[in-house]
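By the UniProt record's numbering, the letter at position 93 of the sequence shown is numbered 93, and the numbering carries on one by one without gaps.
For each residue, glycine too, the CB sits at the ideal point set by N, CA and C.
Since this is a predicted model, take the numbers as computed values, not measurements.
What follows is a single structure, written as structure tokens, with notes after it.
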Amino acid sequence: MKLINDPCGVFCIVFTYVSIVYADYVVIKWVVLHTMQDSLWAPFHIVLFNTFLLLLTVSHLRAMCSDPGTVPIPHSTDTLCDLRQVNEPLVKREDWTLCTRCETYRPPRAHHCRICKRCVRRMDHHCPWINNCVGEKNQKYFVQFLFLVCILSAYTIILVIMSWVRECHKCKLYDMEMRERQVIHTVLLIMESAMFGMFVVAILYDQMDAIYTDQTTLEQTVYKRSNPLHRYIFSSICRWPKISRSMSKLNIRSV
Ligand SMILES: [Zn+2]
Ligand SMILES: [Zn+2]
């Protein structure tokens with residue numbers, strides 16, 4: 001486990017966990033216990049919501065702390081020349097390339113991350129929300145995390161709307177200040193859930209597209225930036241997956 005020292009990533013992590021704790025607080029205190037305290041639905045929703053929250057936290061921690069697939073750096077070399085001399089006879093693979101930034105040989109589809117300062121196998125992108133790269137080894141945890149955020153966002157919005165719609169005779173006994181606080185907290189929670197939900201649905205769509213087409217987000221970006229002729233040729237032959245994949249490798253190497 002290695003935490004990346006990136007201020008933006010650290011801020012996003014803190015923001016994520018503050019949002020999780022706040023959502024749990026509002027759902028339990030101002031949504032469930034406020035309107036369903038005499039019903040068996042209250043323990044049901046609290047247990048179900050916190051189970052999803054626990055799964056979300058575990059998937060986030062695994063995406064954040066696990067190795068995304070960093071290419072190991074040989075310890076026996078000090079300079080780029082030494083590395084080339086030592087590793088070239090051993091590697092003998094034409095499709096492997098030398099990274100001039102972290103000075104290591106990397107397999108096809110590996111890319112250098114400027115924030116992690118390492119090459120990562122099948123790197124998709126660097127995500128500040130997990131303060132880590134999304135790569136070959138941790139993409140499944142990242143997708144799990146996105147999927148759970150979608151479920152929790154929808155579940156939270158449904159719970160809040162249910163609490164608004166539900167007739168709660170005890171609410172009439174609360175004073176105005178209490179009701180105002182409940183409205184403020186639930187509106188903030190709806191905004192938080194909608195913001196995270198819409199943001200994550202867009203990322204999840206990109207991730208599913210990347211998995212389905214076997215092209216990482218980075219490779220798709222490179223493809224879009226390539227010249228129009230190249231793009232036309234690529235799109236005209238992309239029906240054949242093997243050719244498509246080899247073309248995408250060409251695209252990456254040409255960067
Ligand atoms: Zn590198
Ligand atoms: Zn990275």
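What does the alpha-carbon distance come out to for the pair L152 and F49?
For the purposes of this step, residue 152 is taken as the residue at position 152 of the sequence shown. For the purposes of this step, residue 49 is taken as the residue at position 49 of the sequence shown. Rounded to the nearest angstrom, the two C-alpha atoms are 8 Å apart.
Can you tell me whether P89 is helix, strand or coil according to DSSP?
As a position in the sequence shown, residue 89 is number 89, starting the count at 1. Because the pLDDT at P89 is just 49, under 50, the model does not fix this residue reliably, and the point stays unresolved.
Drop a sphere of 10 angstroms on the beta-carbon of A210, count the other beta-carbons inside from all chains shown, and report buried for 16 or more, exposed for fewer.
Translated into the one-based positions of the sequence shown, residue 210 becomes position 210. A210 is buried by the Cβ-count criterion.
Which residues have their C-beta within less than 5 Å of a heavy atom of ligand 2, listed in chain order?
Those satisfying the condition are, in chain order, C113, I115, C116, H126 and C133.
Are the beta-carbon atoms of N131 and M64 separated by less than 8 Å?
For this step, residue 131 is matched to residue 131 along the sequence shown. For this step, residue 64 is matched to residue 64 along the sequence shown. Yes, these two residues count as a Cβ contact at 8 Å.
Spatial neighbours of L56 within its chain, please: C-beta separation below 8 Å, excluding the five flanking residues on both sides.
Your numbering for residue 56 matches position 56 in the sequence shown. So the qualifying residues of the chain are I20, F145, L148, V149 and L152.
Just the C-alpha distance for N138 and I73, rounded to the nearest angstrom, thanks.
Position 138 of the sequence shown, counted from the first residue, corresponds to residue 138. Position 73 of the sequence shown, counted from the first residue, corresponds to residue 73. For N138 and I73, the distance between alpha carbons rounds to 19 Å.
Alpha carbon to alpha carbon, what distance is there between V222 and T104?
In the sequence shown, counting from the first residue as 1, residue 104 sits at position 104. In the sequence shown, counting from the first residue as 1, residue 222 sits at position 222. Looking at the two C-alpha atoms, the distance is approximately 22 Å.
Going by DSSP, which residues form a beta bridge with L98?
Looking up residue 98 in the sequence shown gives position 98. According to DSSP, which records beta bridges pairwise, L98 is partnered with Y105.
Considering only C-alpha positions, which residue in the set L218, A23 and S66 is nearest to F52?
Walking along the sequence shown from the start, residue 52 turns up at place 52. Answer by Cα proximity: A23.
Using a Cβ-based criterion (distance less than 7 Å to any ligand heavy atom), does R121 qualify as near ligand 1?
Walking along the sequence shown from the start, residue 121 turns up at place 121. It does not: the Cβ of R121 is nowhere closer than 7 Å to a heavy atom of ligand 1.
Which of the three DSSP states, helix, strand or coil, is assigned to N5?
As a first step, residue 5 must be located in the sequence shown, where it is residue number 5. Of the three classes helix, strand and coil, the one that applies to N5 here is coil, per DSSP.
Which class does R179 belong to by DSSP, given the choice of helix, strand or coil?
Stepping through the sequence shown from its first residue, residue 179 is reached at position 179. R179 falls in the helix class under three-state DSSP.
Measuring CB to CB, does L159 end up less than 8 Å from V27?
Residue 159 sits at position 159 when you count from the first residue of the sequence shown. Residue 27 sits at position 27 when you count from the first residue of the sequence shown. Taking 8 Å as the Cβ cut-off, L159 and V27 qualify as a contacting pair.
Give a single yes or no on whether T104 has its beta carbon closer than 7 Å to a heavy atom of ligand 1.
Working through the sequence shown from its first residue, we reach residue 104 at position 104. Because some heavy atom of ligand 1 lies under 7 Å away, the Cβ of T104 counts as near it: yes.
Determine the burial state of C113: buried for a count of at least 16 other Cβ atoms within 10 Å of its Cβ, exposed for fewer.
One-based indexing of the sequence shown puts residue 113 at position 113. By the neighbour-count rule (16 or more Cβ atoms within 10 Å), C113 is buried.
For W164, tell me which candidate among V10, T16 and V32 has the shortest Cα-Cα distance.
Counting from one through the sequence shown, the residue named residue 164 turns up at place 164. It is V32.
Please state the DSSP three-state secondary structure of V71.
Here residue 71 refers to the residue found at position 71 of the sequence shown. Three-state DSSP puts V71 in coil, outside helix and strand.
The alpha helix (DSSP H) that contains R118, what's its start and end?
Taking the sequence shown and counting its residues from 1, one reaches residue 118 at position 118. No alpha helix (DSSP H) contains R118, which is instead part of the beta strand (DSSP E) from R118 to V120.
What would DSSP say about N131, mapped onto helix, strand or coil?
Counting from 1 along the sequence shown, the entry for residue 131 is found at position 131. If DSSP states are grouped into helix, strand and coil, N131 belongs with coil.
How about V10: is its C-beta nearer than 8 Å to some C-beta of chain D?
No chain D appears in this structure, which consists of one protein chain only.
Have a look at A202 and Y212 and give me their C-alpha separation to the nearest angstrom.
The residue you call residue 202 lines up with position 202 of the sequence shown. The residue you call residue 212 lines up with position 212 of the sequence shown. Approximately 15 Å, taken between the alpha carbons.
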